[in-house]
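Sequential numbering from 69 applies to the sequence shown in this note's numbering.
Beta carbons are placed, not taken as given, at the ideal position from N, Cα and C, and that holds for glycine.
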Amino acid sequence: MAQHKHAIDRNELERVVGEITKEIRSGDDWGEATKQIGALSGIDTRQFGIAILTRDGDVVCGGDAETPFSIQSISKVFSLELALEAHGDALWERVGRDPSGDPFNSVIDLERQKGHPRNPFINAGALIVVDMLLDTRGPDAEVQAVVEFVARLLDDETFDLNDEVAKSDNDAGSLNRAMLNIAKHFGNVRNGVDKIMSAYVRQCAIELSCRQLARVGRFLMLEGPDDAANRNLEAARRSRRILSLMMTCGLYDGAGEFAYRVGLPAKSGIGGGILAIAPNTASIAVWSPGLDESGNSKLGTLALEMLTDRLDWSSFGKIRTL
Ligand code: GLN
Numbered sequence: 069m070a071q072h073k074h075a076i077d078r079n080e081l082e083r084v085v086g087e088i089t090k091e092i093r094s095g096d097d098w099g100e101a102t103k104q105i106g107a108l109s110g111i112d113t114r115q116f117g118i119a120i121l122t123r124d125g126d127v128v129c130g131g132d133a134e135t136p137f138s139i140q141s142i143s144k145v146f147s148l149e150l151a152l153e154a155h156g157d158a159l160w161e162r163v164g165r166d167p168s169g170d171p172f173n174s175v176i177d178l179e180r181q182k183g184h185p186r187n188p189f190i191n192a193g194a195l196i197v198v199d200m201l202l203d204t205r206g207p208d209a210e211v212q213a214v215v216e217f218v219a220r221l222l223d224d225e226t227f228d229l230n231d232e233v234a235k236s237d238n239d240a241g242s243l244n245r246a247m248l249n250i251a252k253h254f255g256n257v258r259n260g261v262d263k264i265m266s267a268y269v270r271q272c273a274i275e276l277s278c279r280q281l282a283r284v285g286r287f288l289m290l291e292g293p294d295d296a297a298n299r300n301l302e303a304a305r306r307s308r309r310i311l312s313l314m315m316t317c318g319l320y321d322g323a324g325e326f327a328y329r330v331g332l333p334a335k336s337g338i339g340g341g342i343l344a345i346a347p348n349t350a351s352i353a354v355w356s357p358g359l360d361e362s363g364n365s366k367l368g369t370l371a372l373e374m375l376t377d378r379l380d381w382s383s384f385g386k387i388r389t390l
């Protein structure tokens with residue numbers, strides 16, 4: 069194995085994760101859970117988990133890292149990977165690659181854009197990605213493809229898909245249906261609205277623990293010249309491009325603030341999870357159900373900010389360990 073210039077010291081990682089977990093848990097402002105999905109709104113917000121998988125394969129966990137939570141929009145990263153595998157650059161004829169500056173479920177821009185969503189992580193764009201995956205498969209097969217993708221990266225470790233959460237999301241899905249109808253009007257939707265919704269809400273309803281999510285995120289980590297992903301240059305290039313979209317669009321209208329504070333590409337979900345990637349270094353999952361005004365985990369963001377500062381892991385360069 070090649071010697072990494074900046075070796076990751078497991079003891080230091082454990083110490084920092086322990087400190088952060090303690091500091092986060094000692095606060096008393098846990099924020100509020102999403103109100104959008106009834107089945108998620110009653111959750112106990114006084115929960116916090118963190119898991120870090122390093123490029124060397126070490127896993128360091130803190131807090132409620134084994135508690136499964138609803139991954140919601142984090143699933144958009146997995147469906148995007150599958151759609152890019154299936155369609156390649158043709159995907160960009162139907163979805164853009166720019167930040168929107170609007171909330172994740174906003175419809176306002178879609179008419180102006182003639183049914184062409186700004187990026188694949190706002191709901192409008194993610195729904196078009198699902199539509200593209202349905203071109204070759206029905207809704208059950210689409211969900212199955214996302215589930216199988218996750219299962220493969222977890223070495224077949226078990227996880228659930230919560231039907232009650234999916235139903236609740238579908239029941240609350242008027243805006244998502246509106247987006248699909250606008251895009252359909254402009255000729256950018258191929259399948260039926262209900263068929264797309266059915267697949268979308270179920271991929272969002274996958275439940276993973278922080279430890280599991282960090283493992284799944286490994287395909288985005290770009291570990292280095294020795295790892296399998298880099299032997300397949302096309303897959304590595306795809307991961308790097310997905311990371312760029314995560315940096316600019318992964319936290320919606322909070323993406324700029326998050327890049328400023330944390331400095332890592334990441335994807336959030338309204339279940340309170342965030343998957344963040346320190347390129348060539350680590351895959352990191354945090355979870356705490358209380359959200360900020362953009363629908364991103366409040367304490368999850370704070371924990372990542374502490375982590376990147378203390379370990380000098382910002383994508384924008386090192387200031388201590390060079
Ligand atoms: N299923 C949710 C929705 O469609 C996902 C939103 C999110 O996690 N940001 O609104």
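Residue environment: I142 is assigned as buried (16 or more neighbouring CB atoms within 10 Å of its CB, all protein chains considered). In this structure, the alpha-carbon of P188 lies about 12 Å from that of L150. I120 and I352 do touch by the CB rule: their CB atoms are close to 5 Å apart, below 8 Å. Counting only the Cα atoms, N244 lies some 20 Å from L159. Looking at the DSSP output, D228 bridges to E275. Taking E225 as reference, the option from L276, M315 and R258 with the minimal CA-CA separation is L276. Separation of A273 and A323 (C-alpha to C-alpha, rounded to the nearest whole angstrom) is 23 Å. If you compare the alpha carbons of F287, I387, I264 and R378 with that of G86, the shortest gap goes to R378. Scanning L152, A267 and S365 for the CA closest to the CA of R308 turns up L152.
The three-state secondary structure of V145, taken from DSSP, is helix. Scanning its chain for C-beta atoms nearer than 6 Å, with the 5 sequence neighbours on each side dropped, one finds around P357 the residues A101, I111, T113 and G340, in chain order. DSSP, read as helix, strand or coil, puts G130 in strand. For L372, the three-state secondary structure derived from DSSP is helix. Judged by the Cβ position, D262 fails to qualify as a neighbour of the ligand GLN at the 8 Å threshold, every heavy atom of the ligand being at least this far. In the three-state DSSP reduction, V269 falls in the helix class (H, G or I). Listed in chain order, the alpha helix (DSSP H) elements of length 4 or more contained wholly in the stretch 142–198 are 143–155 and 176–180.
The continuous alpha helix (DSSP H) containing S109 extends over residues G106 to S109.
Below 8 Å, enough C-beta pairs join the stretch 168–184 and the stretch 247–254 to call them touching: three or more. Rounded to the nearest whole angstrom, the CA to CA distance from V128 to S266 is 36 Å.
Taking non-hydrogen atoms of the ligand GLN into account, the C-beta of C129 is found less than 8 Å away from none of them. Judged by the Cβ position, S365 fails to qualify as a neighbour of the ligand GLN at the 8 Å threshold, every heavy atom of the ligand being at least this far.
L319 is the residue among D380, L319 and F116 whose C-alpha sits nearest the C-alpha of P171.
For S312, the enclosing alpha helix (DSSP H) starts and ends at L301 to C317.
A Cβ-Cβ distance of about 6 Å is found for the pair A371 and I118, placing them in contact under the 8 Å criterion.
Using a 10 angstroms sphere on the CB of N79, the tally of other CB atoms stays under 16, which defines it as exposed. For W381 against S365, the beta-carbon gap comes to about 18 Å, at or over 8 Å, which does not count as contact.
When rounded, the separation of the alpha-carbon atoms in I105 and G156 is 33 Å.
Going by DSSP, S242 is part of the alpha helix (DSSP H) stretching over S242 to H253. When beta bridges are read from the DSSP output, V354 appears opposite I118 and I342. DSSP places K335 inside the beta strand (DSSP E), whose first and last residues are A334 to S336.
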